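Using our numbering, the letters of the sequence shown correspond one by one to residues 166 to 358.
Positions of the beta carbon are idealized from the N, C-alpha and C atoms, including for glycine.
As the structure is a computational prediction, the values presented were derived from the model and not from experiment.
Take a look at the structure below.
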Amino acid sequence: MVPGRAGRRPTENLAPGAADAHCVQGMLHSAAGKLDEAALAFERALAMDQGLAIAHGFAAYNAAFLGNAGDTLPAIERAMRLDQADRRHSIWFFFGGFAELLMGRTDASIALLRKSLERNSSYGSARMFLIAALSLSGQYREAAEAAASFRQQYPDGPAGACEQLWLSRSRSATYRAQILPVFDTIRSLGVGT
166 MVPGRAGRRP TENLAPGAAD AHCVQGMLHS AAGKLDEAAL AFERALAMDQ GLAIAHGFAA
226 YNAAFLGNAG DTLPAIERAM RLDQADRRHS IWFFFGGFAE LLMGRTDASI ALLRKSLERN
286 SSYGSARMFL IAALSLSGQY REAAEAAASF RQQYPDGPAG ACEQLWLSRS RSATYRAQIL
346 PVFDTIRSLG VGT
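Right, dumping it as structure tokens:
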């Protein structure tokens, strides 16, 4: 225990320059469904370091769960400008494609999700939402083929994982109205169940 800090969380009184720690805190809160706390942690991280690409990216993804999917793509584009290393771009393209799908922009979603998969062909989340985007855009044959491939690639996906990662994580009425039709489409193709 650090003297003078009894009862405090380790990230409450971080020294200047601890933007990375706030970002990690935001990521953990977001994954746990504590979306408002995550947003605050990302805000603190960005207040300390506006150039922290990962904070821009994950804050953008968190915004989609809060019902603000329209804020996601501009922040993802900013993250990609700040971080020229291609290693995270698969994640950023997924976040952008996910948000565009929530807003019903299937063509943009398909393009972004394909870019994500070009960089990481085993990215299951990007593949699953690409299946939904293809189906919702009327590309039923391609969606069915992609769904069959997904089931073959991920035969033992944990039951309930999709619900935990994308449905129960947010109570936002806007988000739920956006994601439920997407998941109905995914389920109708036998994926994500």
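Spatial neighbours of residue i in its chain, beta-carbon cut-off 6 Å, leaving aside the 5 residues before and after
i: Leu247; result: Gly216 and Ala218
i: Phe263; result: Phe294
i: Ala234; result: Ala264, Leu267 and Met268
i: Gly207; result: It is worth fixing the name first, because residue 207 is Phe in this sequence and not Gly. Closer than 6 Å at Cβ, skipping near neighbours: Gly191, Ala220 and Ala224.
i: Arg209; result: His187
i: Leu332; result: none
Sequence-distant residues of its chain with Cβ nearer than 8 Å to residue i (five each side left out)
i: Val347; result: Leu266, Leu267, Phe294, Ala297 and Leu301
i: Gln317; result: none
Local conformation of residue i per DSSP, three classes
i: Gly232; result: coil
i: Asp214; result: coil
i: Asp201; result: helix
i: Thr176; result: Here Thr176 scores only 45 on pLDDT, less than 50, and its place in the model should not be relied on; the value that follows carries that caveat. It is coil, neither helix nor strand.
i: Met192; result: helix
i: Leu127; result: The structure shown does not extend to residue 127, since the chain spans only 166 to 358, so no value can be given for it.
i: Gln249; result: coil
i: Asn227; result: helix
Outcome for residue i when other beta-carbon atoms lying within 10 angstroms are tallied against a minimum of 16
i: Tyr305; result: exposed
i: Leu345; result: exposed
i: Gln249; result: exposed
i: Arg336; result: exposed
i: Leu200; result: buried
Expected contact under 8 Å - CB spacing of residue i and residue j to nearest Å
i: Ala312; j: Gly355; result: 6 Å
i: Thr350; j: Gly232; result: Contact flag wrong, Cβ pair sits at about 20 Å.
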